[in-house]
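Numbering (my numbering), first residue to last: 1233 to 1522.
Cβ atoms here follow ideal geometry from the backbone N, Cα and C, with glycine treated the same way.
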Amino acid sequence: MSTTFTLDTSTSRANPTPAPMKRLTVPAIQRRKVEGKTDEPLVMLTAYTARQAQLLDPHCDMLLVGDSLGQVIYGLPSTLPVTLDMMIAHGAAVVRGSYHSLVLVDMPFGSYEASHAQAFASASRVMAETGCAAVKLEGGRAMADTIAFLTQRGIPVMAHVGLTPQAVNALGGYGARGKSQEEHAKIMDDARAVASAGAFAVVLEGVLEDLAVAITDSLDIPVIGIGASAHCDGQVLVAEDMLGMFERVPRFVKRYENIAETISNAAERYAAEVRDRSFPTADQVYRPKK
Ligand code: KIV
């Protein structure tokens, strides 16, 4: 079933959508890094729903439909159980809710690692059924051939190296990477390999800052940091983390709001008014016109 419907502004609760703007493209994102430097850092946030996309879109260059939705939206223990169908449903919603940002969708665990054919089948489904402009996949040198296979067939790929959450069982946790010389060299090699393979950009997650600086300076493609360095060509955060939706705040997150408290306070006031019958008032009920 196709999920690439457009947003029905007559039934949406949101304000009418703004006049469609020309969306940022993969080449436009790449052009932001000139001779190894990015003057204006690229802004990327995760988005999982149409309404969230509408609110974030005007402020971002890229919206990532991250497989972190497994934990953030579905309460799963990791990103591993996330399916292609989940990514496609949320990806299509984010495309419907945005006009300006480039939308990219994460390839979930198990949907691309087995073979080039599997990766192409999964990525082409994601692109066709969501209308997104690119996919993101985790892995460095081991995934370089797959990245080349996809990009040569018209599927732009953002790579993801450093701390790669889909490999949590192999890595033994979510701790920062690049602490030993060996790990430092491996992550540098991973970043170079995905860039040579044709990735248009790379997410660099959870690495020591000196490594993030060295990788950013040595690649021609934009390096988007998360738990990396302000020196990167751009930054990404999970929107719910920076909005303050959760109690646990990882070191690399800065909270710009406390949305959990806002929601909890509103629910508490609503519950009290339902219980003492002060809601609904005359303003919220239907009565015959006089
Ligand atoms: O899934 C995700 O949200 C991500 C970002 C944190 C980079 O991969």
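Determine the burial state of residue i: buried for a count of at least 16 other Cβ atoms within 10 Å of its Cβ, exposed for fewer.
| i | result |
| --- | --- |
| T1278 | buried |
| Q1467 | buried |
| S1461 | buried |
| A1471 | buried |
| K1368 | buried |
| Q1413 | exposed |
| I1458 | buried |
Between residue i and the rest of its own chain, which residues show a CB-CB distance below 8 Å, the 5 nearest in sequence each way excluded?
| i | result |
| --- | --- |
| N1497 | none |
| D1421 | G1372, R1373 |
| V1266 | none |
| Q1384 | G1430 |
Measuring from the CB of residue i, is there a heavy atom of ligand 1 at a distance below 7 Å?
| i | result |
| --- | --- |
| S1300 | yes |
| E1345 | no |
| H1322 | no |
| V1389 | no |
| E1437 | yes |
| V1426 | no |
| D1465 | no |
| I1419 | no |
| T1281 | no |
| L1395 | no |
| V1358 | no |
| V1468 | yes |
| L1334 | no |
| L1296 | yes |
What does a CB cutoff of less than 7 Å around residue i pick up in its chain, not counting 5 residues either side in sequence?
| i | result |
| --- | --- |
| L1274 | I1261, R1264, D1293, M1294, P1454, I1456, D1465, G1466 |
| P1313 | G1302 |
| G1476 | R1487, E1489, N1490, I1491, A1492 |
Would you grab the beta carbon distance between residue i and residue j for me? Rounded to a whole angstrom, and I think it's under 8 Å.
| i | j | result |
| --- | --- | --- |
| G1410 | I1419 | 5 Å |
| S1356 | I1379 | S1356 to I1379, Cβ: 15 Å. No contact. |
| M1276 | Y1331 | Contact doesn't hold; Cβ gap of about 16 Å is too wide. |
| T1448 | A1365 | Not really, about 23 Å apart at Cβ, beyond 8 Å. |
If you drop the 5 nearest sequence neighbours on each side, which residues of the same chain put their C-beta closer than 6 Å to that of residue i?
| i | result |
| --- | --- |
| F1397 | Contrary to the premise, residue 1397 reads as Pro rather than Phe in this sequence. Correct list, in chain order: T1311. |
Residue i: beta carbon under 7 Å from a heavy atom of ligand 3?
| i | result |
| --- | --- |
| T1448 | Only ligand 1 can be found as ligands here, which leaves ligand 3 out of the picture. |
Could one say the Cβ of residue i lies closer than 8 Å to chain C's Cβ atoms, at least one of them?
| i | result |
| --- | --- |
| G1302 | Among the chains of the structure shown, chain C does not appear; only one protein chain is present. |
Ranges of the beta strand (DSSP E) found wholly within the region 1318-1396, counting only runs of at least 3: 1334-1338, 1366-1370, 1389-1394
Complete runs of the beta strand (DSSP E) confined to the region 1287-1320 [at least 3 residues]: 1294-1297
Continuous alpha helix (DSSP H) assignments of at least 4 residues falling wholly in the region 1440-1519: 1441-1450, 1471-1475, 1491-1507
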